[in-house]
Amino acid sequence: MCSMKVYQDAHCKDGELPDIKLEEGAVFLHGKCWEDICHAILEAHHLIYIVGWSIYHRVKLVREPTREVPHASLLTLRELLKYKSEEGVPVCMLVWDNKTSHNKFCIEIGGVMQTHDEETRKFFRYSSVICALSPRYARVRFFDLQTQDQ
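Everything in the sequence shown is counted per our numbering, starting at 37 for the first residue and increasing by one.
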């Protein structure tokens, strides 16, 4: 069975969002996206696969816990993923490779979009977490240039 949960924002304090009335007088229960992601990762046993445009590995997932969080010291995404991979759960990340960011010849450039792609890749480089950067820019080929001129 497949399901989807809708969030107003990644993190909102309790009482910040207005009540949304649903059918038959029910009220929509606002979730906490980061906290739900944290619990899903902690409960994973077979595979953790994260794909994203901008994955900031230093993000603190749980800010104000509404339920008990095991391993409370592992609240950043990076520590949580390393912990799970060391437990034996395969952890794979596919991160957008920002063309304007690079880390070469001791020069670090964060890129126009500040997606933290190079920083994330570098952090997980020597860990059991697989972090791959995927280029998302079009490539111009010689054949395409020839056909456009004709």
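Cβ atoms here follow ideal geometry from the backbone N, Cα and C, with glycine treated the same way. These figures come from a predicted structure and were not determined experimentally.
Per the coordinates, the alpha-carbon of G124 lies some 21 Å from the alpha-carbon of T156. Here G88 carries a strand assignment [DSSP, helix/strand/coil]. Taking the Cβ atoms as the reference, W70 lies roughly 4 Å from L97, within the contact range of under 8 Å. Scanning I166, G67, H93 for the CA closest to the CA of E122 turns up I166. In terms of Cβ geometry, L116 and I77 form a close pair [threshold 7 Å].
Here G67 has K41, Y43 as same chain residues with Cβ atoms under 7 Å from its own Cβ, once five neighbours each way along the sequence are excluded.
Closest in alpha carbon position to C48, among D72, E60, V63, is D72.
In the three-state DSSP reduction, I77 falls in the helix class (H, G or I).
Excluding the 5 residues flanking it on each side, S163 has same chain C-beta neighbours closer than 8 Å at K118, S121, in chain order. Following the DSSP letters along the chain, one finds S170 inside the beta strand (DSSP E) bounded by residues 166-171. Each of R161, F160, F159, D153 was checked against the Cα of W89, and the nearest Cα belongs to D153. For D50, the three-state secondary structure derived from DSSP is coil.
By the beta-carbon neighbour count (other beta carbons within 10 angstroms, threshold 16), L83 is exposed.
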